[in-house]
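Data first, discussion second: the structure below is written as structure tokens.
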Amino acid sequence: MRDPLGKKVIGIKPSGIRKFFDIVQETEGAISLGVGEPDFDTPWHIRDEGIYSLEKGRTFYTSNSGLKELRQEVSNYINRTQGVTYDPLKEIFITVGGSEAIDLAFRAMVDEGDEVLIPQPSYVSYEPCAILADAVPVIIELKEENDFRLTAEEVLEKVTDKTKILVLPFPNNPTGAVMEKKDLEEIAKVVIEKDLYVISDEIYSELTYNGKHVSIVSLPGMRERTILINGFSKAYAMTGWRLGYACGPANIMAQMVKIHQFAIMCAPTTSQYAAVEALRNGDEDVSKMREEYNHRRRYLLNEFKKFGLPCFEPFGAFYVFPCIKKFGMSSDEFCTRLLEEEKLAVVPGSAFGDCGEGYIRISYAYSLQNLKIAMERFEKFISKLEH
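All letters in the sequence shown, in the order written, are residues 6 to 392 by our numbering.
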């Protein structure tokens with residue numbers, strides 16, 4: 006028989022996050038700090054709206070672009086948070102999570118051989134999605150001495166005549182780094198000068214701890230060059246509802262919707278009705294969750310300081326990214342032994358790109374009680390390594 010599998014897909018590595026998630030499911034008594042999933046339930050008033058939509062028999066397809074009502078609320082949300090207006094009919098559409106939007110943006114925008122700049126460490130989907138779209142991923146290594154922020158100089162070093170897209174993964178998973186307005190202004194100059202487009206993944210935009218999130222779309226000349234991607238999973242604790250959205254120029258959105266039309270049809274209808282409620286009345290819930298995450302963030306930073314372990318201070322998302330280079334082992338080996346010996350699962354930094362080697366990602370989207378037990382196990386493990 007001929008080989009049924011495509012070489013392009015075989016060449017893509019599985020997610021390093023899911024590897025440890027799968028192992029921990031089979032390890033009795035294990036604590037996982039590996040998955041970026043809020044430990045909060047979806048706020049009741051949002052769940053209630055989803056239930057009500059089912060009771061009313063709203064189990065039909067929506068339009069390919071999503072409920073008009075939801076697209077209008079997304080437009081309202083971006084206008085009040087970033088001062089930017091999008092046409093809800095032509096410039097916004099609803100996706101199955103932010104991950105689908107990332108995939109569609111690449112497939113709609115690149116031709117074979119186009120180069121895509123991907124800062125790393127970053128979310129695991131960007132590089133595989135670029136490859137699946139026949140683009141060439143070009144990695145920009147973010148540096149801790151720059152607070153894991155992207156600099157204009159780093160972009161310029163990697164730009165060629167084939168470069169078409171820059172991915173902006175901020176607030177960042179796994180580092181928790183953020184880009185301030187002054188940082189984005191420098192990036193925007195390069196983007197305009199080199200005639201690039203930006204895919205700005207802002208799924209953690211509501212989880213910032215030192216001032217408000219600034220989107221690059223709010224800067225002059227960038228709205229027409231940017232696909233803004235966001236969703237409901239992180240801010241509203243709605244991971245299983247599988248709902249995101251993309252905003253951008255109408256001509257790009259039309260092609261993304263076309264792919265979505267053939268592959269998906271529409272995002273889940275029940276989830277869309279719930280999301281309308283989230284955007285209209287969910288600000289207080291987001292604020293409470295953000296305050297709790299900030300408490301956990303400070304707790305973990307203090308613990309690593311006590312351990313004498315260097316740890317960059319994150320100002321966004323819900324991860325810490327401590328450095329483990331002093332132990333002289335790979336991040337994969339460190340995480341494997343930590344799980345085997347102390348039944349604690351975290352994610353090796355190498356899962357987020359080669360330059361993540363020497364770090365581990367720990368999620369604080371878990372209860373403070375679990376975090377305290379986890380830190381006891383972590384301290385016990387590193388104590389053994391140090392003696």
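Using N, Cα and C, we set each Cβ at its ideal position, and we do this for glycine too. Predicted, not measured: the structure shown is a model, and the values here were computed from it.
(message) Please report the distance separating the alpha-carbon of Val160 from that of Asn151.
(response) Between Val160 and Asn151, the C-alpha separation is close to 14 Å.
(request) Note down, one range per segment and in chain order, each beta strand (DSSP E) of at least 3 residues found wholly within the region 334-388. (result) Counting only runs of 3 or more, we get 365-368.
(message) Do Val351 and Ile367 count as a contact pair if the criterion is CB distance below 7 Å?
(response) Val351 is positioned such that its CB atom lies closer than 7 Å to that of Ile367.
(request) With DSSP as the reference, label Ile145 as helix, strand or coil. (result) Of the three classes helix, strand and coil, the one that applies to Ile145 here is strand, per DSSP.
(message) Taking DSSP's pairing of strands, which residues face Gly236 in a bridge?
(response) Answer is Gly249, bridged to Gly236.
(request) Find out if the Cβ-Cβ distance for the pair Gly226, Ile197 is shorter than 7 Å. (result) It is a contact, given that the beta carbons lie within the stated cut-off.
(message) With a threshold of 8 Å, are at least 3 pairs of Cβ atoms found where one atom belongs to the region 243-254 and the other to the region 211-218?
(response) Under the 8 Å Cβ criterion, the region 243-254 does not count as touching the region 211-218, having fewer than three qualifying pairs.
(message) If we require 4 or more residues per run, which alpha helix (DSSP H) segments fall completely within the region 34-98?
(response) Scanning the region 34-98 from its first residue to its last, the whole alpha helix (DSSP H) runs of 4-plus residues come out as 49-60 and 73-87.
(request) Please report how far the alpha carbon of Gly13 lies from the alpha carbon of Asp116, in whole angstroms. (result) Residue 13 is actually Lys in this sequence, not Gly. As the crow flies, the alpha-carbon of Lys13 is around 16 Å from that of Asp116.
(request) Can you check DSSP and say which residues form a bridge with Leu122? (result) DSSP lists Val143 and Leu171 as the bridge partner or partners of Leu122.
(request) Give the straight-line distance between the Cα atoms of Gln125 and Ile145, rounded to the nearest whole angstrom. (result) Distance between the alpha carbons of Gln125 and Ile145: 6 Å.
(request) Give a yes or no on whether the C-beta atoms belonging to Val262 and Ser80 are separated by under 7 Å. (result) Not in contact: Val262 and Ser80 (Cβ atoms no closer than 7 Å).
(message) Can you find the residues in the same chain that come closer than 7 Å, C-beta to C-beta, to Gly287, ignoring five residues on each side of it along the sequence?
(response) Its chain contains Pro48, Ile51 and Tyr241 as the residues whose beta carbon lies nearer than 7 Å to that of Gly287, once the 5 sequence neighbours on both sides are disregarded; these appear in chain order.
(message) Between Met334 and Glu96, how many whole angstroms is the CB-CB distance? I'm expecting something under 8 Å.
(response) The C-beta separation of Met334 from Glu96 comes to about 49 Å, leaving the pair out of contact by the 8 Å criterion.
(request) Identify whether Phe317 lies in helix, strand or coil by the three-state DSSP scheme. (result) Here Phe317 sits in strand by DSSP.
(request) List the endpoints of the continuous alpha helix (DSSP H) containing Tyr131. (result) In the DSSP assignment, Tyr131 falls within the alpha helix (DSSP H) that extends over Tyr131 to Leu137.
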